[in-house]
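Q: Our numbering puts the first residue of the sequence shown at 11, with every later residue one more than the last.
Where is the CB? At the ideal position from N, CA and C, for every residue including glycine.
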Amino acid sequence: MTSIKRVGYIGLGLMGKSIARNILKAGFEVVVHNRSRQSVDELVKEGAIAAFSPAEVAAAVDVVFTNLPDSPDVEKVALGENGILQGAHPGLIFVDNSTIKPASARLIAEKLAEKGILALDAPVSGGDIGARNATLAIMVGGPVEALNLVMPVFQAMGKSVTHVGDAGAGQIAKAANQIMVAAQMVAMGELLLFAQKAGADPVKVVEAIRGGAAQCWTLDVKPPRLFEGNRQPGFKAYMQAKDLNIVLETARQYGIPLPSAAVDAQLYNAMLQNGFENLDNSAVINILEKLAGETLKTKTNE
Numbered sequence: 011m012t013s014i015k016r017v018g019y020i021g022l023g024l025m026g027k028s029i030a031r032n033i034l035k036a037g038f039e040v041v042v043h044n045r046s047r048q049s050v051d052e053l054v055k056e057g058a059i060a061a062f063s064p065a066e067v068a069a070a071v072d073v074v075f076t077n078l079p080d081s082p083d084v085e086k087v088a089l090g091e092n093g094i095l096q097g098a099h100p101g102l103i104f105v106d107n108s109t110i111k112p113a114s115a116r117l118i119a120e121k122l123a124e125k126g127i128l129a130l131d132a133p134v135s136g137g138d139i140g141a142r143n144a145t146l147a148i149m150v151g152g153p154v155e156a157l158n159l160v161m162p163v164f165q166a167m168g169k170s171v172t173h174v175g176d177a178g179a180g181q182i183a184k185a186a187n188q189i190m191v192a193a194q195m196v197a198m199g200e201l202l203l204f205a206q207k208a209g210a211d212p213v214k215v216v217e218a219i220r221g222g223a224a225q226c227w228t229l230d231v232k233p234p235r236l237f238e239g240n241r242q243p244g245f246k247a248y249m250q251a252k253d254l255n256i257v258l259e260t261a262r263q264y265g266i267p268l269p270s271a272a273v274d275a276q277l278y279n280a281m282l283q284n285g286f287e288n289l290d291n292s293a294v295i296n297i298l299e300k301l302a303g304e305t306l307k308t309k310t311n312e
């Protein structure tokens, strides 16, 4: 294979649909599949081609992407009945944009390699905004020769592409990313409530500290939404909880102590138990509000 012309995309959720759309806009032929047909129909109207199974997608394309909720979903779509492996042909490349266990990424790569299929685990960071604007950070594990071939597609999706290492290394990088993301979301919620309950305007506090060592993407992007009373995703809390569970499972496998991440995981699991699973991951402040007995003032509740 000398160039990628036809791309398959399986999993058209909050981020997957936007990614597939950007690949389509970049001039590639795109074959799409999703359990719910609404997103498929929407992209077909924009020029995509519909498929009705992962095997059908794999048979029709040069590279097939997946973007699915969890490790078992990717294993089933890649290796299961009527899955990608069954529709695979010589020269096919598999790329997974999902966030899954490194061990699952390695298993899938090994099974596909037995059939001569190159595999990349390529999880992304940047949320729905990054997916829509094609500014995602893409972290890649797998063979360099596959990355070189797929690079033009990655460039239609994101602003940075980093080859981290062999199979599973992309997922290790994404797990590390999610440790930091969760810590920032929790810290942001804490500092907003701390500022307000201690007698300062949290809007002004954010303005003050963003110019110093606390500056980060989270403080740049999330507080304005919270001050507007907007806690809709974004990146859903149940996905953040799932990612932290992957982090902790991997940490147990290698005997790595992660005390802060463990507390953050408890807070996100509490979101699920309180019915906040479909809110933004920044809405972990909901749990902190309950603990503090303090509700963040917004333009809608002042």
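1. Just list the residues that DSSP pairs residue 60 with in beta bridges.
2. Name the two residues that bound the continuous alpha helix (DSSP H) containing residue 116.
3. Kindly list the residues whose CB is nearer than 7 Å to the CB of residue 98, restricted to its own chain and excluding five residues on each side of it in sequence; keep chain order.
4. I'd like the span of the alpha helix (DSSP H) that includes residue 154, first residue to last.
5. Terminal residues of the continuous alpha helix (DSSP H) containing residue 128?
6. Is residue 285 helix, strand or coil when you go by DSSP?
7. Take the Cβ of residue 31 as the centre, count every other Cβ of all protein chains shown within 10 Å, and call the residue buried at 16 or more, exposed below.
8. For residue 28, which residues from the same chain have a beta carbon less than 6 Å from its beta carbon, with the 5 sequence-adjacent residues on both sides left out?
9. Provide the residue(s) that pair with residue 20 in DSSP beta bridges, ordered along the chain.
10. Quick one: Cα of residue 138 to Cα of residue 94, how far?
11. Could you say which of 292, 279, 57 lies nearest to residue 227 if we only look at CA atoms?
12. Thinking C-beta only, is residue 73 closer than 8 Å to residue 134?
13. Helix, strand or coil for residue 208 per DSSP?
14. Compute the distance between the beta-carbons of residue 304 and residue 214, then report whether it is under 8 Å.
15. Which residues bound the beta strand (DSSP E) around residue 249?
16. What are the start and end residues of the beta strand (DSSP E) that includes residue 382?
A: On the basis of the coordinates in this document:
1. Its beta-bridge partners are 42.
2. Bounds of the alpha helix (DSSP H) holding residue 116 are 112-123.
3. 68, 125, 127
4. 154-167
5. Judged by DSSP secondary structure, residue 128 falls outside any alpha helix (DSSP H) and instead within the beta strand (DSSP E) spanning 128-131.
6. coil
7. buried
8. By the criterion of a C-beta distance shorter than 6 Å, residue 28 is surrounded in its chain by 141, 142, once the five residues flanking it on both sides are discounted.
9. 43, 76
10. 26 Å
11. 292
12. no
13. coil
14. no
15. No beta strand (DSSP E) contains residue 249, which is instead part of the alpha helix (DSSP H) from 247-264.
16. Beyond the ends of the chain as shown, which are 11 and 312, falls residue 382; an answer cannot be given.
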